Every structure is written in C-alpha cells, then in structure tokens.
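Following: one structure in structure tokens, then a few remarks.
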Amino acid sequence: MNITVKVWRQKDANSKGNFESYKLNDITPDSSFLEMMDVLNEQLLAEGKEPVAYDHDCREGICGMCSMFINGRAHGPDTEITTCQLHMRKFKDGDTITVEPWRSGGFPIIKDLMVDRSAYDKILQAGGYISVNTGGVPDANAIPISKEASDEAMDAATCIGCGACVATCKNSSAMLFVAAKVSQLALLPQGKVEATRRAKAMIARMDELGFGNCTNTGACEVECPKGISITHIARLNREFLCAAVKE
Amino acid sequence: MSNVVSSSIGKKFFMSITGFFLVVFVAVHLTANLSLLFGPRAFNLVSNFMGTNPIIQVMQPILALGFIVHIIYASILTLQNQKARGSEKYAKVANSHQSSWASKNMYVLGGLVLVFLVLHLINFFWKLKVTGSPLLNEVNIDGEKMENAYALVAGLFNAGTIGYVYSGLYILGAILLGFHLSHGFWSAFQTIGWSNDKWRIRLTVIGNLYAIAIALGFAIIPIFLLIFAK
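Written as structure tokens, this is what we have:
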C-alpha cells in the first residue's frame with residue numbers, strides 16, 4: 010500500500026515543532042505500525058535527513074513505551090492495543106496518517122514523538138510500593154486472598170504506564186494510572202498496611218506534577234491498552250477520602 | 008488536613024457534595040412548582056408555605072452558599088485542567104463516542120444554567136422578596152392572606168410575544184439542566200467513591216432517568232400555563 014505519513018517534527022524540548030508529510034510506497038499491510046515507521050526512517054536516512062525519534066522497546070505490547078497519537082487516538086484506530094500491536098491493515102491504500110506525540114503539560118516533548126514520562130516514575134516513588142524486609146520466598150498461601158480480590162488486583166496491575174490515559178483525557182488527568190497503582194496494592198493484605206499514606210502521597214505528587222483533575226468523562230478507559238476500568242478511580246477516591254478522615 | 012482540602016480529589020469532593028445538595032434542591036423545587044398544574048389555590052398555598060416555613064428560610068442562605076461553592080470550585084478545576092492540557096493542542100482528535108457530550112461540556116452547561124438562574128431570580132425571587140409586583144395582590148385562602156404568586160408566574164408566560172420568549176427560555180433552561188444532571192448525578196457518586204462496576208451502570212441509568220424527569224417536569228410548566236392559564 011502507498012500512504013502519506015504526517016509526522017510531528019520537533020528538534021528538542023525548547024524548539025517549536027511542525028508537521029512534515031512523507032510519502033511511503035509499497036508498505037505491506039501485514040507490517041506493524043512501528044515497522045512502517047522503521048521503513049520511513051530508513052528512507053529518511055537514505056535521503057540524508059534526520060530520522061523520526063520515537064519511543065519503542067519490547068514490540069509485544071507489554072512495555073508501554075510506544076507512545077503515538079495516531080489519527081486522533083492514542084495507539085491508533087483499534088482498542089486495547091499498544092502502537093506496536095497496530096497493523097497497517099487497519100489503514101487503507103492512499104491514506105494520510107497523522108502521527109503526534111502525547112500532548113500533556115505533564116509529559117513534555119523531548120524530540121519529535123518522544124515525550125518525557127518520568128512524571129509517572131515520580132508518582133510511583135511517592136508511594137506505589139510496599140515496604141517489606143527481604144528474606145526467603147514466603148510460603149504460598151500463607152496469607153489467604155480471595156479469588157475476587159486477587160483477580161481485581163491483577164486487572165489493575167496490568168497497567169504498563171504507557172500514558173495513553175493522560176494523552177487522551179481532555180483534562181490531562183493521571184487518575185486512571187494512579188488508580189491502577191493504588192488499587193493493585195489496596196486490594197491485597199500486603200498493601201493495606203501503608204494504604205493511608207500511599208493514597209495521600211501519590212495524589213499529592215500527581216497534583217504537584219501538573220496533571221489535571223478527573224471529570225469522569227471515561228475517555229481514558231476506552232484508550233487504555235489493558236482495558237483498565239474507571240471503577241479503580243472510584244476506589245482511589247474512596248481510599249483517599251478515607252485516608253483524609255483517618256488523619 | 009489543609010493539603011487534603013486543596014488536593015485535586017479534595018476539590019472534587021466539594022463539587023460532589025454541593026452537587027448532591029443541589030440535586031436534592033432541584034427535586035424539592037420541582038415538586039413545589041408542579042403544584043402550578045393544580046391551579047392558583049394549590050400553588051399559592053405551597054408558595055406561602057415555602058415563603059414562611061422557618062426551615063426553608065434557614066436553608067435559603069445555605070443553598071446560595073452551595074451554589075457559590077459549586078461554581079467557584081468548578082471554575083478553579085476547569086482552569087487547572089486547561090492549563091494541564093498544555094499549550095499545544097492535538098491537530099486531529101477522533102471521537103470515540105464513549106464519553107457523553109454532557110461530560111465533556113459540564114462547565115459550559117453549568118455556565119448556561121447559571122445564566123438561566125440569574126434570569127429566573129430576576130423574574131420571580133427578586134419580585135417576591137424585594138421589589139414586589141403589581142401582580143402580587145393579596146389573596147385570601149381559607150382565611151389566610153397571602154401573595155398571589157400564581158398570578159406572577161402565570162403572568163410571565165402569558166404576556167404576549169415576550170411570554171412566548173420566556174416560555175422558550177424556561178424550556179431551554181430545563182433541557183440544559185437535564186444535560187448537566189445526566190453527567191453530574193452519577194459523577195458525584197463516582198467522586199466520593201460510591202461506585203463500582205455494577206453500581207456505575209445502575210447510577211448512570213438512575214441519573215439519566217432523574218435528569219429526564221427534571222427536564223420534562225420543569226419544561227411542562229410554561230407549556231401548561233400557556234395553554235391553561237390564559
């Protein structure tokens with residue numbers, strides 16, 4: 010297939026960016042979106058131009074690095090996938106595909122399609138962990154956990170921190186991410202010990218880093234590659250307000 | 008505690024609590040207003056009760072405060088959200104049709120409801136409480152003297168061309184309020200954490216039914232008065 014790719018080019022964090030259009034011929038519909046981007050970069054290199062900088066790593070949908078806003082949607086026109094799992098067969102011959110970086114005050118652009126998502130790490134450092142003395146591996150089933158709780162904790166734990174929720178949210182709110190990280194621990198006995206401190210510290214850090222306030226539009230859960238539900242946001246609100254009362 | 012109050016969830020908590028309060032107020036207000044459908048006697052009795060009942064008098068300034076807090080926090084949150092989005096906007100945004108139109112336009116809808124509210128207060132509250140109106144002659148119901156509030160309301164919608172304009176504006180106000188409530192109702196529950204997978208669906212349905220009931224209930228009044236109160 011022959012396509013035109015309209016890509017956001019920005020030299021560095023301080024430069025002003027703009028769109029550049031590139032024509033690509035003979036792209037096989039079976040190639041992944043990132044493979045198409047690789048072909049584009051090969052073509053740019055052959056022409057002596059600067060290749061497009063973009064984040065990618067595992068290319069199997071589990072690392073969360075490939076952050077592209079494709080044709081107006083985070084990770085492109087499909088649900089519950091990352092960009093590396095998107096294939097060119099989702100597009101038509103002759104299409105013009107618009108590729109933008111995540112746009113959010115919390116995720117400043119580093120170069121082209123790469124954004125700085127270290128804000129997520131900072132939120133995790135504020136409380137997204139449990140404090141345990143290391144030692145031997147604990148006995149399995151020493152702490153009984155119900156199937157319902159373990160399933161729900163696992164659903165939350167599937168968050169790969171890709172940032173699609175923030176990129177999609179009209180308020181640039183990181184609530185779905187924080188909710189997933191709080192939920193995965195709050196549902197388990199090991200995480201309950203520090204639950205009060207965790208919810209407050211992570212929300213305080215989230216606010217500090219300039220993310221917006223959730224207005225419950227539900228746009229985030231639609232674009233989450235792992236299908237994490239906004240039910241976790243209700244739990245986060247509950248955890249936070251209970252923590253505030255206990256204070 | 009202060010950092011809790013100023014946090015994003017803290018501010019949204021105030022939005023939610025005042026939202027609940029206003030949801031209850033709107034229901035009470037509509038219930039009282041529907042007495043208009045039963046004629047002058049019924050409405051004047053209800054209006055006199057509302058105007059003299061001590062609990063209602065105490066609730067009036069609290070209600071005003073509820074509105075003010077709701078509006079101020081909405082403005083702060085909206086400003087912060089616009090700032091958080093960053094300076095550069097997406098060139099292309101696909102509509103995934105998952106978020107309701109109302110949920111994306113709550114501040115605008117709220118603003119329009121506020122414009123309507125000001126008009127509404129000028130039309131009735133201001134005349135009843137402050138300036139008075141020639142329409143508000145005293146009437147005698149069961150030996151008790153009271154203002155003829157029915158004449159004031161019916162008079163607004165039956166004042167010729169301007170009456171039709173007011174009827175249209177009041178119907179529009181009711182619809183805007185309905186849209187605002189269609190997202191606001193379940194959203195208030197979500198914000199204080201009273202929601203899960205099952206209840207989210209139930210609350211959305213209840214919220215939509217409530218919003219439709221409120222919009223229809225308020226919209227029916229000017230239509231009814233236009234037809235029957237001539």
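As they're listed, the protein sequences go chains R and D. For the first sequence, my numbering gives the first residue as 10, with consecutive numbering after it. For the second sequence, my numbering gives the first residue as 8, with consecutive numbering after it. Note that beta-carbon positions come from the ideal geometry of N, C-alpha and C, so glycine has one too. Here the structure is a predicted model, which is why all the values come from computation and not from measurement.
Since residue i contacts residue j with CB under 8 Å, what's their CB separation in whole angstroms?
{"i": "Tyr157/D", "j": "Asn51/D", "result": "5 Å"}
{"i": "Leu37/D", "j": "Ile221/D", "result": "6 Å"}
{"i": "Pro229/D", "j": "Phe164/D", "result": "5 Å"}
{"i": "Gly81/R", "j": "Leu95/R", "result": "Actually they are not in contact, since the Cβ atoms of Gly81/R and Leu95/R sit about 14 Å apart, beyond 8 Å."}
{"i": "Gly219/R", "j": "Ala91/D", "result": "6 Å"}
{"i": "His187/D", "j": "Val120/D", "result": "6 Å"}
{"i": "Ser30/R", "j": "Lys20/R", "result": "With a Cβ gap of about 18 Å, Ser30/R and Lys20/R do not count as contacting."}
Any C-beta of chain R sitting closer than 7 Å to the C-beta of residue i?
{"i": "Arg92/D", "result": "yes"}
{"i": "Lys99/D", "result": "yes"}
{"i": "Ile16/D", "result": "yes"}
{"i": "Gln67/D", "result": "no"}
{"i": "Gly200/D", "result": "yes"}
{"i": "Leu188/D", "result": "no"}
{"i": "Leu183/D", "result": "no"}
{"i": "Leu84/D", "result": "yes"}
{"i": "Lys134/D", "result": "no"}
{"i": "Ser174/D", "result": "no"}
Using a Cβ-Cβ distance cut-off of 7 Å, determine whether residue i contacts chain D.
{"i": "Phe100/R", "result": "no"}
{"i": "Glu109/R", "result": "yes"}
{"i": "Arg82/R", "result": "yes"}
{"i": "Phe186/R", "result": "no"}
{"i": "Thr226/R", "result": "yes"}
{"i": "Ala253/R", "result": "yes"}
{"i": "Ile36/R", "result": "no"}
{"i": "Val146/R", "result": "no"}
{"i": "Asn222/R", "result": "yes"}
{"i": "Asn27/R", "result": "no"}
Take residue i as the anchor and find which of the options has the nearest alpha-carbon.
{"i": "Asn246/R", "options": "Pro68/D, Phe231/D, Gln197/D, Ala101/D", "result": "Gln197/D"}
{"i": "Gly103/R", "options": "Met74/R, Leu196/R, Lys201/R, Thr13/R", "result": "Thr13/R"}
{"i": "Phe28/D", "options": "Ala39/D, Val76/D, Gly118/D", "result": "Val76/D"}
{"i": "Asn142/R", "options": "Gln199/R, Ile132/R, Gly70/R", "result": "Gln199/R"}
{"i": "Gly236/R", "options": "Ser181/R, Asn23/R, Glu161/R, Gly219/R", "result": "Glu161/R"}
{"i": "Val146/D", "options": "Ser23/D, Met22/D, Ser54/D, Val33/D", "result": "Ser54/D"}
{"i": "Ser140/D", "options": "Asn155/D, Lys96/D, Ala109/D", "result": "Asn155/D"}
{"i": "Ala181/D", "options": "Thr25/D, Val33/D, Val115/D, Val12/D", "result": "Val33/D"}
{"i": "Thr25/D", "options": "Gly200/D, Ile78/D, Leu143/D", "result": "Ile78/D"}
{"i": "Tyr138/R", "options": "Ala208/R, Arg112/R, Thr177/R", "result": "Ala208/R"}
{"i": "Gly26/R", "options": "Cys67/R, Arg98/R, Val108/R, Met97/R", "result": "Val108/R"}
{"i": "Cys168/R", "options": "Cys233/R, Arg18/R, Ser30/R", "result": "Cys233/R"}
{"i": "Asp216/R", "options": "Val65/D, Asn88/D, Ile234/D, Val125/D", "result": "Asn88/D"}
{"i": "Ala101/D", "options": "Lys179/R, Ala158/R, Ser76/R, Leu33/R", "result": "Lys179/R"}
{"i": "Lys32/R", "options": "Leu53/R, Ala149/R, Ser24/R, Arg18/R", "result": "Leu53/R"}
Residues in the same chain with beta-carbon distance under 6 Å from residue i, minus the five sequence neighbours each way, listed in chain order, please.
{"i": "Ser194/D", "result": "none"}
{"i": "Phe42/R", "result": "Thr92, Leu95"}
{"i": "Ala165/R", "result": "Ala189, Ser192, Gln193, His241"}
Leaving out the 5 sequence neighbours to the left and right, which residues in its chain are closer than 7 Å to residue i when beta-carbon positions are compared?
{"i": "Thr205/R", "result": "Ala252, Lys255"}
{"i": "Ile148/D", "result": "Arg48, Asn51, Leu52"}
{"i": "Asp125/R", "result": "Phe116, Pro117, Ile119"}
{"i": "Tyr114/D", "result": "Ala81, Thr85"}
{"i": "Ala161/D", "result": "Leu232, Ala236"}
Please go through the same chain and pick out, in chain order, the residues whose beta-carbon is closer than 8 Å to the beta-carbon of residue i, but skip the five residues on each side of it.
{"i": "Tyr129/R", "result": "Gly170, Gly172, Ala183, Phe186"}
### Message
Which complete alpha helix (DSSP H) runs does the stretch 138 to 215 of chain D hold, if anything under 4 residues is left out?
### Response
You should have 156 to 164, 168 to 198.
### Query
If you scan the stretch 99 to 170 of chain R from start to end, which runs of the beta strand (DSSP E) of 3 or more residues do you find wholly inside it?
Counting only runs of 3+ residues, the beta strand (DSSP E) found wholly inside the stretch 99 to 170 of chain R occupies 105 to 109, 118 to 120, in chain order.
### Task
At 3 residues or longer, and completely inside the stretch 180 to 205 of chain R: list those beta strand (DSSP E) runs for me, N to C.
none
### Query
Whole alpha helix (DSSP H) runs in the stretch 70 to 124 of chain D with 4 or more residues, listed along the chain?
108 to 111
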